[in-house]
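A.B. asks: Right, I'll just put the structure down here and ask away after.
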Amino acid sequence: MALLPTVLSSLALATTAIAHSHVNNLVINGIYWQGYDPTSYPYESDPPVVVGWTAADTDNGFVAPDAYQTGDIICHKNATPAGGHATVNAGDSISIQWAVTWPDSHHGPIFDYLAPCNGNCETVDKTTLEFFKIDQVGYINGSDPGFWGSDVLIADNSTWLVQIPASIAPGNYVLRHEILALHSAGSLDGAQNYPQCFNLAISGSGTLVPSGTLGEALYQETDPGILYNLYTDVEDYTMPGPTLYSAFPSSVAQSESTATATSSAIVPGGASSSTASAGSTATSSSVKSTTAASTTVASTTAASTAASTATSSAVQTTSVASAAAGQTVYGQCGGSGWTGATSCVSATCSTLNAYYAQCLP
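Residue numbers (the numbering used here): 67 to 427.
See below:
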């Protein structure tokens, strides 16, 4: 069945949880693939089968460093495999579209990993997945807090483009996409990880399957890029996690993608139940249209241009709460130069450092 009506209702619900976000969907070669919506699907009697892994982050929250050696860091809290998968050719790019505008105070790097399932990803044991990094963008330029991979994502309407390496061997893989927010990472256990996972069936003629790292061994609490003061050490940042495989580019030119059709997730041994034309309906309502110029992170010039664009036009959804209404859970409520709401709704305003206070439940 076509998923666009479900997408619309999911997005409506997601906008009420503006503190953070989750990935709403993928766009691959113009085809829209629905992700898992943790803010609505847990409350539905018959949620759709999708390509995004199920997770218990109903508050659009994060995984903290004290959970790095648990299964939660792999694909988010209590994550279980998606019931279906998307198809992609090695060498193609995937547009990863977040449901809610990423908060511009949550600066940090973006990573993408692949892990072979060695069988169906729909039944894989997540603790056995060995991830290799295919993409990463961290600090780019600018004075503290700087311009980061997350700011590039914001400049492209909270969308990230990742390329599946052309040399990758065909098979079933889990794509692990992650934003690491560093706004409170100056203290132990202050970093915030937002891992999101998707099942892919990759086609092609490549032969490469790089060695990987188990999810519970990707990071340590005291890694230089995890325990890090965003406001004083901005130009001295070490990317955490495994080293990017030398044959892969650190990233590709960033831009939005428009879906022209939608597909339901493909279940093992079967095909998608339908591929319906989405056309203008998709671009006007449920899928972001391509309206902004491409942002290239490979050059300082392009990154500086994107930084200027993001500074002048990006909207920070977590700081728009009025002083009377109070800030939402996980929203900013104080810090040096902060002019927004300083009270919280159903939360406590906690000072994390001199530059950032956050509404915490």
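Quick reminder that beta carbons are idealized off the backbone N, C-alpha and C, glycines included.
Consult DSSP for leucine 310 and reduce its assignment to one of helix, strand or coil.
C.D. replies: coil
A.B. asks: Where do the ends of the alpha helix (DSSP H) carrying valine 203 lie?
C.D. replies: Unbroken run through valine 203 is the beta strand (DSSP E), 196-203; no alpha helix (DSSP H).
A.B. asks: Identify which residue in Ser253, Val228, His142, Leu266 has its Cα closest to the Cα of glycine 127.
C.D. replies: For the set Ser253, Val228, His142, Leu266, the Cα lying nearest the Cα of glycine 127 is the one of His142.
A.B. asks: I'd like the list of long-range same chain contacts for proline 236, defined as Cβ closer than 6 angstroms, with 5 residues on each side in sequence excluded.
C.D. replies: Ile268, Ser269, Gly270
A.B. asks: Compute the distance between the beta-carbons of serine 323 and glycine 96, then report whether it is under 9 angstroms.
C.D. replies: yes
A.B. asks: Starting from the C-beta of asparagine 186, find all residues in its chain whose C-beta is less than 7 angstroms away, skip the five residues before and the five after it, and write them out in chain order.
C.D. replies: Asn238, Pro334
A.B. asks: What are the uninterrupted segments assigned as beta strand (DSSP E) that are 3 or more residues long and contained completely in the stretch 104-177, given in chain order?
C.D. replies: Listed in chain order, they are 152-155, 159-164.
A.B. asks: If you count every other CB in all the chains shown that lies within 10 Å of the CB of glutamine 286, and 16 or more means buried, which is it?
C.D. replies: exposed
A.B. asks: Among the candidates Asp103, Leu296, Asp302, Asp123, whose CA atom is the shortest distance from the CA of serine 171?
C.D. replies: Leu296
A.B. asks: Helix or strand or just coil, what does DSSP make of valine 89?
C.D. replies: strand
A.B. asks: Closest by CA to aspartate 132, which one among Asn259, Asp201, Val116?
C.D. replies: Asn259
A.B. asks: Does the count of Cβ pairs from the stretch 291-310 and the stretch 172-186 closer than 8 angstroms reach three?
C.D. replies: By the C-beta criterion, the stretch 291-310 is judged to be in contact with the stretch 172-186, since at least 3 inter-stretch pairs fall below 8 angstroms.
A.B. asks: DSSP has glycine 237 in a bridge; who is on the other side?
C.D. replies: Residue pairing of glycine 237 in beta bridges, as defined by DSSP: Ile268.
A.B. asks: Quick check on the DSSP output: the alpha helix (DSSP H) that includes alanine 327 runs from which residue to which?
C.D. replies: That residue, alanine 327, is in no alpha helix (DSSP H); its beta strand (DSSP E) goes 327-329.
A.B. asks: Determine the DSSP secondary structure at leucine 246, reduced to helix, strand or coil.
C.D. replies: Strand at leucine 246.
A.B. asks: If you draw a straight line from the alpha carbon of phenylalanine 213 to that of threonine 153, how long is it in whole angstroms?
C.D. replies: 33 angstroms
A.B. asks: How about valine 432 and phenylalanine 314: do their beta carbons lie closer than 9 angstroms?
C.D. replies: Past the edges of the chain, shown from 67 to 427, lies residue 432, and the structure says nothing about it.
A.B. asks: Determine whether the beta carbon atoms of glycine 215 and glycine 204 lie at a separation below 9 angstroms.
C.D. replies: yes
A.B. asks: What is the DSSP secondary structure of serine 216, reduced to helix, strand or coil?
C.D. replies: helix
A.B. asks: Count the C-beta pairs between the stretch 182-199 and the stretch 155-170 that are closer than 8 angstroms, then say yes if the count reaches three, no if not.
C.D. replies: no
A.B. asks: For the beta strand (DSSP E) that contains valine 430, what are its first and last residues?
C.D. replies: Shown here, the chain extends from 67 to 427; a query on residue 430 therefore has no answer.
A.B. asks: Where does cysteine 183 fall in DSSP's three states?
C.D. replies: coil
A.B. asks: Report back the beta-carbon spacing between leucine 227 and glutamine 320 to the nearest angstrom; my notes put them in contact at under 8 angstroms.
C.D. replies: 5 angstroms
A.B. asks: In chain order, what residues of the same chain have a beta carbon less than 7 angstroms from the beta carbon of glycine 278, not counting five sequence neighbours either side?
C.D. replies: Answer for glycine 278: Ala181, Glu196, Phe197, Phe198, listed in chain order.
A.B. asks: So what does DSSP say about glycine 335, is it helix, strand or coil?
C.D. replies: coil
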